[in-house]
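Everything in the sequence shown is counted per the working numbering, starting at 14 for the first residue and increasing by one. Glycine residues also receive a C-beta, built at the ideal position from the N, C-alpha and C atoms. Only a predicted model underlies this, so the values are computations on that prediction, with no experimental measurement involved. Scroll down for the structure; my scribbles are underneath it.
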Amino acid sequence: MNKATNTAINAKNVLGLNDSHIHYFNEALGIHKDMVAAFLQLQRAAAKDGFDLKIASGYRSFAKQLAIFNAKLADDRPVLDLNNQPVDVANLSASEKINSILLFSALPGGSRHHWGTDIDIYDPNLLAGKALQLEPWEYQAQGPFVPLTQWLDENMALFGFYRPYDKYRGGVAIEPWHISYQPIASLYTEQLSIDLLHDCIQQSDILEKAEILVMLDSIYQRFIINVGTP
Ligand SMILES: [Zn+2]
Numbered sequence: 014m015n016k017a018t019n020t021a022i023n024a025k026n027v028l029g030l031n032d033s034h035i036h037y038f039n040e041a042l043g044i045h046k047d048m049v050a051a052f053l054q055l056q057r058a059a060a061k062d063g064f065d066l067k068i069a070s071g072y073r074s075f076a077k078q079l080a081i082f083n084a085k086l087a088d089d090r091p092v093l094d095l096n097n098q099p100v101d102v103a104n105l106s107a108s109e110k111i112n113s114i115l116l117f118s119a120l121p122g123g124s125r126h127h128w129g130t131d132i133d134i135y136d137p138n139l140l141a142g143k144a145l146q147l148e149p150w151e152y153q154a155q156g157p158f159v160p161l162t163q164w165l166d167e168n169m170a171l172f173g174f175y176r177p178y179d180k181y182r183g184g185v186a187i188e189p190w191h192i193s194y195q196p197i198a199s200l201y202t203e204q205l206s207i208d209l210l211h212d213c214i215q216q217s218d219i220l221e222k223a224e225i226l227v228m229l230d231s232i233y234q235r236f237i238i239n240v241g242t243p
């Protein structure tokens, strides 16, 4: 396992407001600088066992997460429930709407994708031409990624990776595709306080800001720190 980060962490990195901690593979895909070696080792080990491990989503900025979150609050983008069914957000109170969105979309500033330590992974060869959905069934039961899930279960810890959303804990839904690089993610977890998040939301253009600030303690407990451990 690699040692912890060499790159200094500042509050803007934690909140996705600055990408100085990110190494970009291309314009659309970046991960934490100090995780590149570990990820490439994981990818190489997977390749040896016949998997083409690819990243569907790595670093995501605050601005990008804000656009997703605001679109869901404005009912411009579908909100799904635990059974993958669309939620009629128009009939919900502000707090119900916010809790429904948080099942699958992190609060801007509170996303682990801001850190660059967390990635959504898949193997294009296992899709047999079908489009990637990033939905639990693809990774479970008879889904195409079951062999990849099993391989990760057996091997990813050797390289420092684990699943923070390995099961539903009453907060974020199960996300079998989302893996986290523990040596660095743990440092970012320590830095992400409610106060930091509060100031960030306060200064942002998020919709339903007043309601979100009222709910912030519960959002932090239920959706941000309520995750699995390595
Ligand atoms: Zn993810």
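Test item: CB-CB of SER108 and MET228 under 9 Å = The residue given as residue 108 occupies position 95 in the sequence shown. The residue given as residue 228 occupies position 215 in the sequence shown. Between SER108 and MET228, the C-beta spacing is below 9 Å.
Hey, would you say the C-beta of TRP190 is under 8 Å away from at least one heavy atom of ligand 1?
-> On the sequence shown, residue 190 is found 177 positions in, with the first residue counted as 1. Yes - ligand 1 has a heavy atom lying nearer than 8 Å to the Cβ of TRP190.
heavy atom of ligand 1 below 8 Å from HIS126 C-beta | Here the question's residue 126 lines up with position 113 in the sequence shown. HIS126 Cβ: within cutoff of ligand 1.
Just the C-alpha distance for LEU28 and ALA87, rounded to the nearest angstrom, thanks.
-> Along the sequence shown, read from residue 1 onward, the residue named residue 28 stands at position 15. Along the sequence shown, read from residue 1 onward, the residue named residue 87 stands at position 74. Answer to the nearest angstrom: the Cα atoms are 23 Å apart.
Between the beta-carbon of PHE82 and the beta-carbon of ILE68, is there less than 9 Å?
-> By one-based count along the sequence shown, residue 82 stands at place 69. By one-based count along the sequence shown, residue 68 stands at place 55. Cβ distance not < 9 Å, so PHE82 and ILE68 don't count as in contact.
Using 10 angstroms around the beta-carbon of ARG176, count the other beta-carbons present and answer buried if the total reaches 16, otherwise exposed.
-> Residue 176 sits at position 163 when you count from the first residue of the sequence shown. Within 10 angstroms of the beta-carbon of ARG176 lie 16 or more other beta-carbons, which makes it buried.
Contact check, ASP65 vs PRO137 under 8 Å by CB: the rounded distance?
-> In the sequence shown, residue 65 corresponds to position 52, counting from 1. In the sequence shown, residue 137 corresponds to position 124, counting from 1. Right, the Cβ-Cβ distance comes to about 6 Å (below 8 Å), so this counts as a contact.
Same chain, Cβ closer than 6 Å to PHE172, five either side skipped, listed in chain order = Reading the sequence shown from its first residue, position 159 is the one you call residue 172. Here the set comprises ALA51, GLN54 and LEU55.
Is there at least one non-hydrogen atom of ligand 1 closer than 8 Å to the beta-carbon of SER70?
-> The count along the sequence shown starts at 1 and reaches residue 70 at position 57. Within 8 Å of the C-beta of SER70 there is at least one heavy atom belonging to ligand 1.
Under 9 Å between C-beta atoms of ILE214 and TYR233 = Position 201 of the sequence shown holds residue 214. Position 220 of the sequence shown holds residue 233. Against a cut-off of 9 Å, the Cβ pair of TYR233 and ILE214 comes out as no contact.
Take the Cβ of THR242 as the centre, count every other Cβ of all protein chains shown within 10 Å, and call the residue buried at 16 or more, exposed below.
-> Indexing the sequence shown from 1 puts residue 242 at position 229. Exposed, by the Cβ-count rule.
Under 8 Å from any heavy atom of ligand 1, does the C-beta of ILE132 make it?
-> The residue you call residue 132 lines up with position 119 of the sequence shown. Answer for ILE132: yes, Cβ within range of ligand 1.
With distances taken from CA atoms, which of ALA80, LEU147, LEU226 and SER33 is nearest LEU210?
-> What you label residue 210 is simply residue 197 of the sequence shown in a count that begins at 1. Closest by alpha carbon: LEU226.
Assign LEU79 to one of two classes, buried (16 or more other C-beta atoms within 10 Å of its C-beta) or exposed (fewer than that).
-> Sequence index remark: in the sequence shown, residue 79 carries index 66 (1-based). Buried: at least 16 other Cβ atoms inside 10 Å.
Which partner residues of ILE244 appear in the DSSP bridge assignment?
-> Beyond the ends of the chain as shown, which are 14 and 243, falls residue 244; an answer cannot be given.
May I have the straight-line CA-CA distance separating LEU165 from ALA223, to the nearest angstrom?
-> Walking along the sequence shown from the start, residue 165 turns up at place 152. Walking along the sequence shown from the start, residue 223 turns up at place 210. Approximately 41 Å between the Cα atoms of the pair.
Where TYR72 and LEU30 are concerned, what is the direct C-alpha to C-alpha distance, given to the nearest angstrom?
-> Taking the first residue of the sequence shown as 1, we reach residue 72 at position 59. Taking the first residue of the sequence shown as 1, we reach residue 30 at position 17. Using only the alpha carbons, I get a separation of about 11 Å.
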